[in-house]
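Residue numbers for the sequence shown follow the numbering used here, beginning at 636 and rising by one.
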Amino acid sequence: MKKNEVNSSRMPVYRDAGFELFDAATTEAAFRNETEHERDPEYFIYSRYRNPTIVSAEEEIMKLEQCKWALLTQSGMSAIDTATALFHTGKETRPWIFFSEIYGGTISFIESVLKARRGIDIQYFTAEDGSYNLREFEKNMSKVQPSVVFVETISNPMLIVTDVPEIIRIAGKYGSKVIVDNTFATPYLSKPLDDGADIVIHSATKYFSGHGNLSAGVICGNDKDIMKSAIEYRKFVGHMLSPDDAYRLQTQIQSFRLRFVRQCSNASKLAAFLNERSIIGKVWYPGLKSHKTHHIAAKLFNAKGFGGMVTFDFEGSNPEEKRIRRDKFISHVSEKIKLIPTLGDPHTILMPVEAVWGKKYPEPGMLRLSLGFEEYDELEDTVAAALDSIQSL
Ligand SMILES: *Cc1c(COP(=O)(O)O)cnc(C)c1O
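#1: Please say whether Leu-1002 and Ala-865 have beta carbons closer to each other than 8 Å?
#2: Can you tell me whether Val-835 is helix, strand or coil according to DSSP?
#3: Please determine, among Ser-850, Asp-798, Glu-1010, Arg-667, the residue with the shortest C-alpha to C-alpha distance to Arg-897.
#4: Could you round the C-beta distance between Asp-858 and Asp-833 to whole angstroms and report it? I think they count as a contact, below 8 Å.
#5: For the structure I just gave you, are there three or more beta carbon pairs, one from the segment 842-860 and one from the segment 684-702, closer than 8 Å?
#6: Alpha carbon to alpha carbon, how far is Glu-669 from Ile-931?
#7: Rounded C-beta distance between Leu-824 and Ala-851? I'm assuming under 8 Å.
#8: Confirm the yes/no value for this check: CB of Lys-995, any heavy atom of ligand 1, distance under 7 Å.
#9: Confirm, please, whether the CB-CB distance from Pro-987 to Ile-965 is below 8 Å.
#10: For the candidate residues Glu-787, Arg-667, Pro-878, whose alpha-carbon lies nearest to that of Ser-691?
#11: So which of Val-648, Ile-795, Gln-709 has the shortest CA-CA distance to Gly-873?
#12: Using only the alpha-carbon positions, how far apart do Lys-870 and Trp-704 sit?
#13: When you compare the CB positions of Thr-1100 and Val-815, do they come within less than 8 Å of one another, or not?
#14: Per DSSP, what are the beta-bridge partners of Phe-772 in this structure?
#15: For the segment 781-849, which segments carrying the alpha helix (DSSP H) assignment without a break, of at least 4 residues, lie completely within its bounds, in sequence order?
#16: Put Arg-1003 into one of helix, strand or coil per three-state DSSP.
#17: Would you say the beta carbon of Phe-843 is closer than 7 Å to some non-hydrogen atom of ligand 1?
#18: Closest to His-929 by CA distance: which of Ile-972, Ile-795, Ile-755 is it?
#19: Select from Tyr-681, Met-646, Thr-662 the residue whose C-alpha is nearest the C-alpha of Gly-653.
#20: Please name the residue, chosen from Leu-905, Ile-742, Ser-913, that lies closest to Ser-790 on a Cα-to-Cα basis.
#21: Do the segment 802-821 and the segment 742-754 make contact, defined as three or more Cβ pairs closer than 8 Å?
#22: Anyone know if the C-beta pair for Gly-979 and Tyr-842 falls short of 8 Å?
#23: Buried or exposed: Ala-659, going by 16 or more other Cβ atoms within 10 Å of its Cβ?
#24: Cβ atoms of Gly-922 and Phe-908: under 8 Å apart, would you say?
#25: Can we count Glu-787 as close to ligand 1, meaning its CB is less than 7 Å from some heavy atom?
#26: What's the gap between the Cα of Cys-702 and the Cα of Ile-836?
#27: By Cβ distance below 6 Å, which residues in the same chain neighbour Lys-812 in space, the five residues on each side in sequence not counted?
#28: Taking DSSP as the reference, what is the three-state secondary structure of Met-697?
#29: Is any heavy atom in ligand 1 found nearer than 7 Å to the beta carbon of Asn-848?
#30: Since Gly-852 is in the beta strand (DSSP E), which residue starts that stretch and which ends it?
#31: Quick one: is the Cβ of Ser-838 within less than 7 Å of any heavy atom of ligand 2?
#32: Quick check on Lys-973: does DSSP put it in helix, strand or coil?
#33: Met-646 and Pro-676: beta carbons closer than 8 Å?
#34: Less than 8 Å between the C-beta atoms of Glu-1030 and Gly-916, yes or no?
#35: Less than 8 Å between the beta carbons of Phe-733 and Phe-785, yes or no?
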């Protein structure tokens, strides 16, 4: 693609709402071409349809996911809205199955949009004791025969790793479409499209952006008809990302691999460190042998890493003591580890689990960490000092 009129090495931000089309013949050709959805049209028309800066950022994601199409949207939620809209015919007779351990925003979307407004019959396949029983899943599938299955590769906040290739294999037997939310695992650890998933979505707000300074989502796929319909839906509904955010995403995503490798290694080291401390109750990290889904993670992620998230809770003789220890920890580390409700940021950030996911996870001493890519030793010093001060109380 022609980058611009000067000798810049990167795609600039094109903020045009509508592009200049010169004459009636060009206009006609541009609109005709628009319905063909070529990646690199001669003329752009309108930024809600497509925009060169956004196409350029999408090409970066296509390289990471190694897929034929990546479509950017304004948020992870609009990517989920688009992905689910593709398979919603309005006349379906078959239910959809969602795995129970999925992003809270997705649960709200299911309840208030897919069920309440779109009338889709949704069933949850529930994790028990920290993992999914795929024999039960297979039984469920043969009974329900859903048209769509939706699953996350690594769940929040308990970091349950799902055997996505096996789920896709089972879903294939019943002709069910599979949507995978791969936000936590990222294409560095897992590429569900290679295993036959129909759609992979990401909240690009998280690891792809990696700097906590923009909101974006992406829908990835290889099937031309499905993705053509995604392009149309995004255009008609207006889920397009802004060119400014696409520009920043395109730049920041270039360091994705470097950042994520470090985040995984920081997480792995800190999980091992926390695991040795007597004031810590339990540590949930798929890289630890004690994690219920460690064997799945070890099989699927090819020893590349186990993700950048760690959840743990405080030991205590009663719930109140655990809560007090948690709060002391939060205030002790607050200069270095801030309480910010997102993940994948440059610095390690934390969330109190009970305060956000209390209905499902009411444990008062539990904290979720999103590891940053800072120097590990500094991070461990910060955490160790906080734990020492709590322990000596
Ligand atoms: C954050 C998140 C989303 C939603 O993404 P937004 O960019 O906030 O809209 C969806 N799925 C997962 C797993 C997430 O972590």
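From the three backbone atoms N, C-alpha and C, an ideal C-beta is built for every residue, glycine too.
Note that the structure is predicted; figures quoted are calculated from it, not measured.
Answer, in terms of the structure:
#1: No; because the gap between Cβ atoms is not below 8 Å, this pair is not in contact.
#2: Correct three-state label for Val-835: strand.
#3: When only C-alpha atoms are compared, the closest one is Glu-1010.
#4: Indeed, because the Cβ distance is near 6 Å, the residues count as touching under 8 Å.
#5: Output reads yes: the segment 684-702 touches the segment 842-860.
#6: The alpha-carbon atoms of Glu-669 and Ile-931 are separated by roughly 43 Å.
#7: Contact between Leu-824 and Ala-851 is ruled out by a C-beta separation of about 20 Å, above the 8 Å threshold.
#8: No.
#9: Yes, these two residues count as a Cβ contact at 8 Å.
#10: Taking only the C-alpha atoms, the option nearest Ser-691 is Pro-878.
#11: Looking at the Cα atoms, Gln-709 is the closest of the given residues.
#12: Rounded to the nearest angstrom, the two C-alpha atoms are 15 Å apart.
#13: Since the first residue of the chain shown is 636 and the last is 1028, residue 1100 is not available in this structure.
#14: Under DSSP, Phe-772 takes part in no beta bridge, so it has no partner.
#15: As far as the segment 781-849 is concerned, its whole alpha helix (DSSP H) runs of at least 4 residues are 799-808, 821-824.
#16: Annotated three-state conformation of Arg-1003 is strand, per DSSP.
#17: No, Cβ of Phe-843 sits at least 7 Å from all heavy atoms of ligand 1.
#18: Relative to His-929, the option among Ile-972, Ile-795, Ile-755 whose CA is nearest is Ile-795.
#19: Of the candidates Tyr-681, Met-646, Thr-662, the one whose C-alpha sits nearest the C-alpha of Gly-653 is Tyr-681.
#20: When C-alpha distances from Ser-790 are compared across Leu-905, Ile-742, Ser-913, the shortest belongs to Ile-742.
#21: As far as the Cβ criterion goes, the segment 802-821 does not touch the segment 742-754, which means the pair count is below three.
#22: Going by C-beta atoms, Gly-979 is nearer than 8 Å to Tyr-842.
#23: Around the CB of Ala-659, fewer than 16 other CB atoms lie within 10 Å, so the residue is classed as exposed.
#24: Contact: no.
#25: At least one heavy atom of ligand 1 is nearer than 7 Å to the Cβ of Glu-787, so yes.
#26: Pairing Cys-702 with Ile-836, the inter-Cα distance amounts to about 12 Å.
#27: Result list for Lys-812: Phe-722, Val-783, Asp-833, in chain order.
#28: If DSSP states are grouped into helix, strand and coil, Met-697 belongs with the helices.
#29: Not so, every heavy atom of ligand 1 lies at least 7 Å from the Cβ.
#30: Taken as a continuous stretch (DSSP letters only), the beta strand (DSSP E) holding Gly-852 covers 852-856.
#31: Of the ligands one can find in the structure shown, namely ligand 1, none is ligand 2.
#32: In the structure shown, Lys-973 sits in a strand (DSSP, three-state: E or B).
#33: It is not a contact, given that the beta carbons lie outside the stated cut-off.
#34: This structure gives no information on residue 1030, because the portion of the chain shown stretches from 636 to 1028.
#35: Result yes, Cβ atoms of Phe-733 and Phe-785 sit closer than 8 Å.
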